[in-house]
Each structure stands twice: as structure tokens, then as C-alpha cells.
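Under our numbering, think of the first position of the sequence shown as 47, with each following residue one higher. Every residue, glycine too, gets a C-beta built ideally from N, C-alpha and C. Remember, it's a predicted structure, so these values are computed and weren't measured experimentally.
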Amino acid sequence: MSRPKKCRVVFGCPEVRYFKPRGIPMKDLTEVYLTLEGYEALRLVDLEGLGQEEAARKMAVSRQTFGRILADARRSVSEAIVKGLALRIEGGDFAFAGKADAAQPNESGKEFSATSKPDLPTTTQTGANLMKTIAVSAEGPSLDDPIDPRFGRAAGFLLVDPDTFATEYIDNGASQAKGQGAGIQAVETIARAGAKVVLTGFVGPNAFGALKATGIQVGQNLDGLTVRQAVEKYKKNEVTMSSAPNSPGGKR
Numbered sequence: 047m048s049r050p051k052k053c054r055v056v057f058g059c060p061e062v063r064y065f066k067p068r069g070i071p072m073k074d075l076t077e078v079y080l081t082l083e084g085y086e087a088l089r090l091v092d093l094e095g096l097g098q099e100e101a102a103r104k105m106a107v108s109r110q111t112f113g114r115i116l117a118d119a120r121r122s123v124s125e126a127i128v129k130g131l132a133l134r135i136e137g138g139d140f141a142f143a144g145k146a147d148a149a150q151p152n153e154s155g156k157e158f159s160a161t162s163k164p165d166l167p168t169t170t171q172t173g174a175n176l177m178k179t180i181a182v183s184a185e186g187p188s189l190d191d192p193i194d195p196r197f198g199r200a201a202g203f204l205l206v207d208p209d210t211f212a213t214e215y216i217d218n219g220a221s222q223a224k225g226q227g228a229g230i231q232a233v234e235t236i237a238r239a240g241a242k243v244v245l246t247g248f249v250g251p252n253a254f255g256a257l258k259a260t261g262i263q264v265g266q267n268l269d270g271l272t273v274r275q276a277v278e279k280y281k282k283n284e285v286t287m288s289s290a291p292n293s294p295g296g297k298r
């Protein structure tokens, strides 16, 4: 019987977990994955300046295991930079420090989301702790990326605090992969994240009905703008909240 893999302790989630080359549409990019324990290893050694022995103790793994985690993480980041690929921080075998079940793997086993992040033992306010009320369908994770006009099959959603313009990106890959029901799943994603308003291009009838049922207001026909421009229009009361869908459905 093989020995179970020991869970790696991490101390928080990244505020942004998706990076891509500017100006290249998401659909044209190949992704490289960086695990959450790899992200933590990079933070401890390359940002905080800890030695590998000390960093390994913090993550509750051996020095040899930590070395492999760090090497894999550096390889993923280097590949994304050198080859111009998208970098997604997701998955791994980890437990959050300070949790009662820290000795057990993360319950998802594969990924984490804004709604499943625990209270972190740190004084740094992360993106998960900020109040963000606007979800914008976006082609990428920055305020200056274009709005993705396809609500249900958008590449992702940028959660934006309209007062501070602090952001958090939520990938929508699960909805993109669905043959049907993409819009409904996208609604569930942004509702779990606490969004009260969505700004997008086109919304089909099923997704629009789900948004209405969850109390999320909808601003449509904003394709052609960047996320920042759409939020600024919303703040100036220049976005009319819709009372009906503007797409017949299908692949929206």
C-alpha cells in the first residue's frame, strides 16, 4: 500500500490567481499551472527571503520535499514568462495553517475559490476579505482587459470594489466547458462570490432569470469597453439596469 502524500501547510491565498500576456485573447493561450503549495514556496523563499530549511519547517515538509516543490514552482513561472503562456494558480495538496483540519488535504483536493477560503492567520488583508460587489465578465484578470461579451461563457469574472477598484479574478473555465447550462453555472459562481451587480455584453433568458432570482442586477450591452471603463460608467449612473435578456440564448 502506498504511503499517503503529506499535506503541505500554506498561510494564505493569492489575491490574484491568473496571469496572462497582455493583448492575447484567452482562447489563444496555453495555460501553465502553479499549485498553491508552489505559490507558498515562492512566497517564503523568493519574496520573504527565508532559507529552504526554515521554509520547509513552516510548510511542515522535509527539506527534500520543499526543494522539489520550489523547483517545480520556479519551472512553471519560468515557462509562462519565457514562452508567453498564461499562468493559473490552482490545486495541489495543501491545508491552511491554523485550521482545525490542517492535517488533512484541502477539501476540494483540486482547487479553491473566493467562497471557500478560510480565515487566514495573517494581518494582511487579502482579496477575499475585501468587499466587492460588481462582477464584470472579462477576458483577463486586470481592470484594463476587455469585457468578454459572452456572460455564460466568459473567460472569467473580475470582482471589483467600486470605491477602491480593488479586484479579484474568478476563472469561469467550468462554465466554458459545459455543453448546456453555462449561464446558470456562471450565475452560481458570481453569486457565491457575493456580487450584487453584473456588467457584461449579452445575457440569455435562462441566465437572466437566474440572475433575477438571486437579486443580482444586470448591466448589458457593454461589449467594446474595458472592465475599468464599464465600472466607471456604472459609478456615473450611465449604465441602465436591464429588465430583460438581450440574447436569445444558445451559447451565451
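Environment of residue i [buried if 16+ CB atoms lie within 10 Å]
i: A149; result: Annotation note: pLDDT 38 at A149 (below 50); position unreliable, coordinate value reported separately. Counting Cβ neighbours within 10 Å, A149 comes out exposed, since fewer than 16 surround it.
i: K73; result: exposed
i: K66; result: buried
i: E284; result: exposed
i: R68; result: exposed
i: L204; result: buried
i: P294; result: exposed
i: V249; result: buried
i: L133; result: buried
i: D209; result: exposed
i: S122; result: buried
i: L93; result: exposed
i: M287; result: exposed
i: G155; result: With a pLDDT of 36 at G155, under the threshold of 50, the predicted position of this residue should be treated as unreliable, and no value is reported.
i: E83; result: buried
i: Q266; result: buried
i: E185; result: buried
i: R114; result: exposed
Same chain, Cβ closer than 8 angstroms to residue i, neighbours up to 5 away in sequence not counted
i: V4; result: Residue 4 cannot be examined here, being either before or after the span of the chain that is shown, 47 to 298.
i: I70; result: G130
i: K281; result: P208
C-beta contact flag for residue i and residue j at 7 angstroms
i: V273; j: L189; result: yes
i: T76; j: G137; result: no
i: R54; j: V107; result: yes
i: S28; j: D191; result: Nothing can be reported for residue 28: it is not among the residues displayed for the chain, which extend from 47 to 298.
i: A143; j: L116; result: no
i: Y85; j: P187; result: no
i: A241; j: A290; result: no
i: P60; j: I135; result: yes
i: V229; j: N218; result: The question names Val, but residue 229 in the sequence shown is Gly. In this structure, N218 does not lie closer than 7 angstroms to G229 by Cβ.
Close beta carbons around residue i, own chain, < 6 angstroms, minus the five adjacent residues each side
i: L102; result: The sequence shown places Ala at residue 102, not Leu. For A102, where only same-chain residues beyond five positions count, the Cβ hits under 6 angstroms are R109, F112.
i: Q171; result: At Q171 the pLDDT is 28, less than 50, meaning the model places this residue with poor confidence; the figure from the coordinates comes in the next sentence. Hits under 6 angstroms: none found.
i: E100; result: none
Proximal residues to residue i (C-beta, below 7 angstroms), its chain only, five neighbours per side dropped
i: G95; result: none
i: K279; result: V285
Within the stretch 171 to 253, ranges of the beta strand (DSSP E) (whole runs, at least 3 residues): 180 to 184, 202 to 206, 213 to 217, 243 to 245
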